[in-house]
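In what follows, a single structure is set out as structure tokens and then discussed.
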Amino acid sequence: KFKESPEMFYDFAKEFNWDEYDPTPTHYFISFLNEKGLLQMNFTQNIDCLELKSGLPEEKLVAAHGNLSGAHCPRCKQPKPLANFKKHVNEGTIYYCENCKKMPVKPTVVFFGENLPPKFFQNMEMIGSSDLGIVIGSS
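All letters in the sequence shown, in the order written, are residues 1 to 139 by UniProt numbering.
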């Protein structure tokens with residue numbers, strides 16, 4: 001539960017090097033499919049934004065578990081500058097919303113027990129209406 005123990009995420013995130021990872025050939029293949037007009041939508045459970053880094057437009061990506069491309073206040077929903085969020089994470093301090101005071105700012109990821117983003121449900125019908133689905137991953 002992020003709201004009760006935000007320090008657990010902040011401690012974990014401090015060890016995560018946000019800019020260390022690069023897209024793989026598979027990420028570039030998905031972007032290539034989009035460039036050729038063959039991609040209807042890319043659904044992912046990854047939060048690393050490597051699809052976007054490979055050139056896939058955000059409107060072609062459904063990040064079922066959210067991603068690390070932004071941060072917001074869970075109470076007032078106000079977006080927060082990602083640079084400020086990263087700064088607090090790297091310093092080991094919790095970033096609190098300026099509006100709500102004591103409400104910790106969270107990344108735009110889906111934590112256990114939270115609802116999937118609306119974009120997932122808005123695009124779910126594409127899964128059944130596609131001619132071909134490609135499932136890639138290790139789990």
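Here a beta-carbon is modelled for each residue, glycine too, at the ideal position from N, C-alpha and C. In this text the structure is predicted, and so the values were computed from the model without any measurement.
Can you tell me the Cα-Cα spacing of residue i and residue j, whole angstroms?
i    : j    : result
V62  : S31  : 14 Å
E20  : S138 : 21 Å
K3   : C100 : 13 Å
K106 : K86  : 11 Å
Y116 : V110 : The amino acid at residue 116 is misidentified as Tyr; the sequence shows Leu. In a straight line, the C-alpha of L116 is about 6 Å away from that of V110.
N90  : S130 : 42 Å
E28  : M126 : As written in the sequence, residue 28 is Tyr, which differs from the Glu given in the question. Spanning the two alpha carbons is a distance of roughly 22 Å.
P104 : N42  : 31 Å
Y10  : G92  : 7 Å
L68  : C49  : 7 Å
N123 : E51  : 17 Å
H88  : E35  : 37 Å
G37  : T24  : 21 Å
L39  : D22  : 21 Å
Taking all protein chains shown into account, decide if residue i is buried (16 or more other Cβ within 10 angstroms of its Cβ) or exposed.
i           : result
G66         : buried
T44         : buried
residue 204 : Any question about residue 204 goes unanswered here, given that the chain covers just 1 to 139.
A83         : exposed
L56         : buried
Could you tell me which whole beta strand (DSSP E) segments of length 3 or greater appear in the UniProt domain "Deacetylase sirtuin-type" (1-139)?
Residue ranges of uninterrupted beta strand (DSSP E) with 3 or more members, entirely inside the UniProt domain "Deacetylase sirtuin-type" (1-139) and ordered along the chain, are 42-44, 61-63, 66-72 and 106-109.
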